[in-house]
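Q:
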Amino acid sequence: MMALVDQLKQTTQLRWNRVHKFKAKINMNIEVGSYVIKTAETPEELIESFRLRHEVFNQEFRGMTGAGLDFDKFDYYFDHLIIVHKELKKIIGTYRVNCSTFSKESYTALEFELQNFFRENDGPFLELGRACIHKDFRKGSIISLLWRGIAEYMNLSGTKVLFGCSSLKINSPREAALTHKYLVDQGLVSQKYPCKPTKKFTMPDFKNWFEYFDKGLTEEQSAEAQDLIPSLLKSYLKLGAQVACEPAFDEDFDCIDLLTVLRKEDLAQSLASRFSLAK
């Protein structure tokens with residue numbers, strides 16, 4: 127009975143969020159071997175991507191049980207890159223993308239103060255978020271497919287700057303500060319973006335722990351920090367992305383989010399060629 131009630135609630139919420147009226151802002155479709163990289167074009171594809179997000183963010187990250195969907199009020203306004211396994215006929219990866227040409231909404235602005243960021247950088251902007259890959263397909267080749275899709279979407283939308291939240295499965299200020307200090311030491315945290323977490327998403331005791339680690343990390347602490355950084359974020363940083371400021375803490379998902387920024391012109395030429403980025 128409870129399962130039926132939950133299903134009815136989700137159906138009502140989907141209609142409230144206008145998912146049944148969803149249409150892609152940009153249509154793209156690329157076939158690579160056993161996979162198709164495309165934008166979700168139908169409500170059915172969108173809902174399947176919500177199901178994958180629920181499996182990753184709620185079941186894996188939060189230990190929830192039972193089937194469900196992960197969606198919010200932003201999904202109707204944004205596009206959704208999906209990777210479809212042709213033989214299995216299922217979505218195995220997804221990345222939510224929001225081009226400022228089509229929507230002034232921003233999920234990232236809930237967690238970070240971005241007014242100065244938008245004012246001091248030229249658009250259009252492409253906001254990335256809710257990235258996930260099915261646990262059976264988490265390998266470099268699939269991450270590369272996601273980036274190939276993002277590169278094509280950048281070309282089609284004329285995007286100049288990528289930004290968004292990169293989630294790390296960290297809920298302690300010690301580990302958050304440790305990871306941030308490691309990224310600072312690696313030259314991956316930029317001082318040129320005037321951003322900070324909003325008051326609601328500021329992590330308690332982060333600054334105290336960061337001051338503690340600011341004395342310098344041991345080899346063991348550096349190794350620990352490396353292990354805390356997920357593969358998707360590592361790929362983002364290798365492409366030339368930088369972290370803009372201290373992390374935000376998302377209590378709902380019990381994780382930290384890093385504000386990551388990647389300017390199109392900052393991509394190394396070899397990587398630009400690899401992902402077919404137009405100049």
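My numbering puts the sequence shown at residues 127 to 405. Built from N, CA and C at the ideal position, the CB exists for glycine as well.
Measuring only the C-alpha atoms, how far is residue 152 from residue 287?
A: On the sequence shown, position 26 is the one that residue 152 refers to. On the sequence shown, position 161 is the one that residue 287 refers to. Whole-angstrom Cα-Cα distance: 17 Å.
Q: What's the gap between the Cα of residue 150 and the Cα of residue 304?
A: Counted from its first residue, the sequence shown places residue 150 at position 24. Counted from its first residue, the sequence shown places residue 304 at position 178. Spanning the two alpha carbons is a distance of roughly 40 Å.
Q: Report the CB separation of residue 239 from residue 321 in whole angstroms; it is logged as a contact under 8 Å.
A: Looking up residue 239 in the sequence shown gives position 113. Looking up residue 321 in the sequence shown gives position 195. Going by Cβ atoms, the distance from residue 239 to residue 321 rounds to 6 Å, so yes, they are a contact pair.
Q: Quick one: give me the first and last residue of the beta strand (DSSP E) that residue 290 is part of.
A: As a first step, residue 290 must be located in the sequence shown, where it is residue number 164. Counting along the chain, the beta strand (DSSP E) containing residue 290 begins and ends at 287-294.
Q: Start and end of the alpha helix (DSSP H) containing residue 245?
A: The count along the sequence shown starts at 1 and reaches residue 245 at position 119. Note, residue 245: alpha helix (DSSP H), 241-246.
Q: At what residues does the alpha helix (DSSP H) containing residue 306 begin and finish?
A: By 1-based counting over the sequence shown, the position of residue 306 is 180. Residue 306 -> alpha helix (DSSP H) spans 299-311.
Q: If you compare alpha carbons, which of 297, 178 and 227 is closest to residue 328?
A: As a position in the sequence shown, residue 328 is number 202, starting the count at 1. Of the candidates 297, 178 and 227, the one whose C-alpha sits nearest the C-alpha of residue 328 is 297.
Q: Which term fits residue 222, buried or exposed, when burial requires 16 or more other beta carbons within 10 angstroms of its beta carbon?
A: As a position in the sequence shown, residue 222 is number 96, starting the count at 1. Residue 222 should be labelled buried.
Q: Check residue 249 in the structure and name its three-state DSSP category.
A: Indexing the sequence shown from 1 puts residue 249 at position 123. Reduced to three states, the DSSP call for residue 249 is coil.
Q: Out of 311, 387 and 242, which has the shortest C-alpha to C-alpha gap to residue 255?
A: For this step, residue 255 is matched to residue 129 along the sequence shown. Residue 255 has its Cα closest to that of 387, out of 311, 387 and 242.
Q: Could you give the residue range of the beta strand (DSSP E) that holds residue 157?
A: Against the sequence shown, residue 157 aligns to sequence position 31. 155-158 is the extent of the beta strand (DSSP E) around residue 157.
Q: Could you tell me the alpha carbon to alpha carbon distance between residue 374 and residue 344, rounded to whole angstroms?
A: Stepping through the sequence shown from its first residue, residue 374 is reached at position 248. Stepping through the sequence shown from its first residue, residue 344 is reached at position 218. Going from the Cα of residue 374 to the Cα of residue 344 covers about 25 Å.
Q: Roughly how many angstroms lie between the CA atoms of residue 148 and residue 192, to the nearest whole one?
A: Taking the sequence shown and counting its residues from 1, the one referred to as residue 148 is at position 22. Taking the sequence shown and counting its residues from 1, the one referred to as residue 192 is at position 66. Approximately 26 Å between the Cα atoms of the pair.
Q: Using a Cβ distance threshold of 8 Å, determine whether the segment 157-172 contacts the segment 210-217, with at least three qualifying pairs required.
A: Yes, the segment 157-172 is in contact with the segment 210-217.
Q: Could you give the C-beta distance for residue 198 and residue 180, rounded to a whole number, given that I count them as a contact under 8 Å?
A: Translated into positions along the sequence shown, residue 198 becomes position 72. Translated into positions along the sequence shown, residue 180 becomes position 54. About 12 Å separates the two Cβ atoms, so there is no contact after all.
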